[in-house]
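These notes concern the structure reproduced below.
Numbering (UniProt numbering), first residue to last: 1 to 425.
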């Protein structure tokens with residue numbers, strides 16, 4: 001039984017046990033139920049919000065009155081979406097999880113690359129002519145472009161079923177992160193107005209990420225391109241537009257042509273894992289002098305003065321990598337070390353590379369709330385953890401390693417389940 005099924009099973013058992021206890025007590029101690037949500041009343045509030053907030057904001061952004069009317073006429077809330085906090089409902093119990101911030105070893109497990117690699121190689125051959133043009137125009141390797149395409153939408157095969165405007169309007173009105181969604185809703189209306197995409201065809205994820213490259217509307221406006229020359233920026237149906245838009249995004253965000261993303265390395269015991277991060281770069285010559293070497297089959301840049309950064313997504317409990325600035329360009333596509341590692345490694349696999357060689361011994365079972373509490377304690381001691389959000393990013397890993405060193409412990413740079421409530425005390 002997997003973890004999710006186990007959780008559901010235990011939850012159902014608890015509910016049955018509670019019901020039995022209430023019956024046996026004659027209902028004397030029945031807990032107060034959460035108030036029922038009057039969906040009709042919420043829908044009425046939604047209509048008022050569209051009139052008072054969305055329509056004026058869209059008009060101020062230059063969206064035509066005709067587009068505003070057509071996009072909002074008959075618009076209703078989508079109650080099936082996750083992460084909702086409708087008016088009158090109790091607050092959500094905790095932050096939603098994203099796979100990009102989950103267990104590192106599981107996210108980049110070898111099994112996750114098999115199908116994407118074989119499918120990706122077929123797509124490289126199928127679209128070789130288009131990818132020639134993409135590489136010439138933007139200087140981004142085809143394997144990286146195709147890797148992002150595969151990770152985001154399984155090369156356009158993934159079902160993307162939500163109408164973007166409805167999903168964004170729902171999240172902007174009653175999502176747990178509503179302030180982040182309102183600007184994206186206005187951007188989506190601008191796309192309808194300027195790019196003349198049909199409302200029903202502008203499909204997205206529940207969080208408004210659109211089309212095959214999964215661009216938020218604001219990212220579409222900044223980065224989508226018409227690669228096939230038909231006069232439209234169609235990231236829903238046009239593979240050339242999709243590939244060109246991904247490459248344009250990376251180039252606009254700083255991709256340096258001729259540089260790889262990174263390489264897996266052997267990290268000697270004497271090299272501190274607290275050297276991790278883009279703000280602690282060293283040259284190839286400096287890393288080599290410390291005894292850092294690429295794994296078999298890999299290579300470091302030939303230029304000895306090239307800057308590289310240590311990246312250990314699980315501290316000493318997982319593989320180590322030296323990455324270039326291009327790694328952090330990939331990370332701007334999705335703010336996660338694991339996402340950028342997945343894309344970079346999949347790109348390597350598409351050009352014939354082998355599996356990640358280092359072993360993952362990363363501990364599991366650390367609650368996100370416990371991580372956040374640990375981060376707040378470390379912040380109080382003057383450590384920079386990035387953000388006390390319960391996610392173990394590189395700044396948190398470095399902070400943990402420095403705390404371990406201060407305690408006279410061996411540095412792991414990753415919180416252990418038995419220690420997470422002690423770290424920072």
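C-beta: ideal position from N, C-alpha, C; glycine also.
Please read all numbers here as calculations on a predicted model, not as lab measurements.
First and last residue of the uninterrupted beta strand (DSSP E) at residue i
{"i": "residue 309", "result": "307–311"}
{"i": "residue 275", "result": "Element bounds for residue 275: n/a, residue is neither H nor E."}
{"i": "residue 266", "result": "262–266"}
Distance between beta carbons of residue j and residue i, contact taken as under 8 Å
{"i": "residue 265", "j": "residue 293", "result": "6 Å"}
{"i": "residue 317", "j": "residue 363", "result": "7 Å"}
{"i": "residue 329", "j": "residue 250", "result": "6 Å"}
{"i": "residue 421", "j": "residue 370", "result": "6 Å"}
{"i": "residue 223", "j": "residue 245", "result": "6 Å"}
{"i": "residue 353", "j": "residue 257", "result": "Actually they are not in contact, since the Cβ atoms of residue 353 and residue 257 sit about 20 Å apart, beyond 8 Å."}
{"i": "residue 121", "j": "residue 341", "result": "Not a contact, Cβ separation roughly 20 Å."}
{"i": "residue 188", "j": "residue 202", "result": "7 Å"}
{"i": "residue 166", "j": "residue 243", "result": "Going by Cβ atoms, the distance from residue 166 to residue 243 rounds to 28 Å, so no, they are not a contact pair."}
{"i": "residue 199", "j": "residue 163", "result": "7 Å"}
{"i": "residue 366", "j": "residue 319", "result": "Contact flag wrong, Cβ pair sits at about 20 Å."}
First through last residue of the alpha helix (DSSP H) which encompasses residue i
{"i": "residue 250", "result": "239–252"}
{"i": "residue 370", "result": "368–380"}
{"i": "residue 182", "result": "178–194"}
{"i": "residue 218", "result": "217–223"}
{"i": "residue 56", "result": "55–60"}
{"i": "residue 211", "result": "That residue, residue 211, is in no alpha helix (DSSP H); it is neither H nor E in DSSP."}
{"i": "residue 401", "result": "394–406"}
{"i": "residue 202", "result": "Careful: residue 202 lies outside any alpha helix (DSSP H) and carries neither H nor E."}
{"i": "residue 255", "result": "Taken as a continuous stretch (DSSP letters only), residue 255 belongs to no alpha helix (DSSP H), as it is neither H nor E."}
{"i": "residue 174", "result": "164–174"}
{"i": "residue 269", "result": "Note, residue 269: premise wrong, no alpha helix (DSSP H); not H, not E."}
{"i": "residue 39", "result": "39–49"}
{"i": "residue 70", "result": "65–72"}
Minimum C-alpha distance to residue i - residue among the options
{"i": "residue 383", "options": "425, 370 and 327", "result": "425"}
{"i": "residue 434", "options": "276, 289, 287 and 282", "result": "Nothing can be reported for residue 434, as the shown portion of the chain is limited to 1 through 425."}
{"i": "residue 88", "options": "41, 78 and 371", "result": "41"}
{"i": "residue 218", "options": "278, 74, 145 and 191", "result": "191"}
{"i": "residue 67", "options": "55, 78, 77 and 319", "result": "55"}
{"i": "residue 314", "options": "175, 388, 414 and 341", "result": "414"}
{"i": "residue 338", "options": "107, 86 and 198", "result": "107"}
{"i": "residue 310", "options": "316, 321 and 317", "result": "321"}
{"i": "residue 255", "options": "331, 52, 378 and 360", "result": "331"}
{"i": "residue 156", "options": "133, 116 and 176", "result": "116"}
{"i": "residue 176", "options": "90, 228 and 224", "result": "90"}
{"i": "residue 225", "options": "207, 210, 248 and 208", "result": "248"}
{"i": "residue 301", "options": "259, 377, 396 and 133", "result": "259"}
{"i": "residue 133", "options": "227, 417 and 70", "result": "227"}
{"i": "residue 361", "options": "377, 104, 58 and 214", "result": "104"}
{"i": "residue 197", "options": "234, 304 and 286", "result": "234"}
{"i": "residue 374", "options": "399, 180, 261 and 394", "result": "399"}
{"i": "residue 110", "options": "357, 284, 150 and 62", "result": "357"}
{"i": "residue 288", "options": "299, 232 and 392", "result": "299"}
{"i": "residue 83", "options": "336, 180, 129 and 150", "result": "180"}
{"i": "residue 85", "options": "53, 62, 232 and 39", "result": "39"}
{"i": "residue 61", "options": "359, 394, 229 and 182", "result": "182"}
{"i": "residue 237", "options": "158, 410 and 278", "result": "158"}
{"i": "residue 154", "options": "214, 393, 63 and 142", "result": "214"}
{"i": "residue 261", "options": "69, 297, 368 and 326", "result": "326"}
{"i": "residue 286", "options": "297, 220, 305 and 69", "result": "305"}
Beta-carbon proximity check, residue i vs residue j, cutoff 8 Å
{"i": "residue 343", "j": "residue 160", "result": "no"}
{"i": "residue 426", "j": "residue 212", "result": "Outside the shown range of the chain, which is 1 to 425, sits residue 426, and nothing can be said about it."}
{"i": "residue 184", "j": "residue 178", "result": "no"}
{"i": "residue 290", "j": "residue 263", "result": "no"}
{"i": "residue 173", "j": "residue 79", "result": "no"}
{"i": "residue 428", "j": "residue 168", "result": "With the chain represented from 1 up to 425, any question about residue 428 goes unanswered, as that position is not in the structure."}
{"i": "residue 113", "j": "residue 378", "result": "no"}
{"i": "residue 307", "j": "residue 281", "result": "yes"}
{"i": "residue 396", "j": "residue 386", "result": "yes"}
{"i": "residue 123", "j": "residue 146", "result": "yes"}
{"i": "residue 127", "j": "residue 239", "result": "yes"}
{"i": "residue 274", "j": "residue 408", "result": "no"}
{"i": "residue 81", "j": "residue 46", "result": "no"}
{"i": "residue 65", "j": "residue 57", "result": "no"}
Check: residue i C-beta below 7 Å from any heavy atom of the ligand FMN
{"i": "residue 361", "result": "As for the ligand FMN, it is missing from this structure, which has no ligand bound."}
Considering only residues of the region 76–161, which uninterrupted alpha helix (DSSP H) runs meet the minimum length of 4 residues and lie entirely inside it, listed in chain order?
-> 104–107, 114–126, 128–138 and 142–153
Please list the segments of the beta strand (DSSP E) lying wholly inside the region 307–355, counting only runs of 3 or more residues, in order along the chain.
-> 307–311 and 320–323
Going along the chain, which unbroken runs of the alpha helix (DSSP H) with 4 or more residues stay wholly within the region 281–306?
-> 284–289
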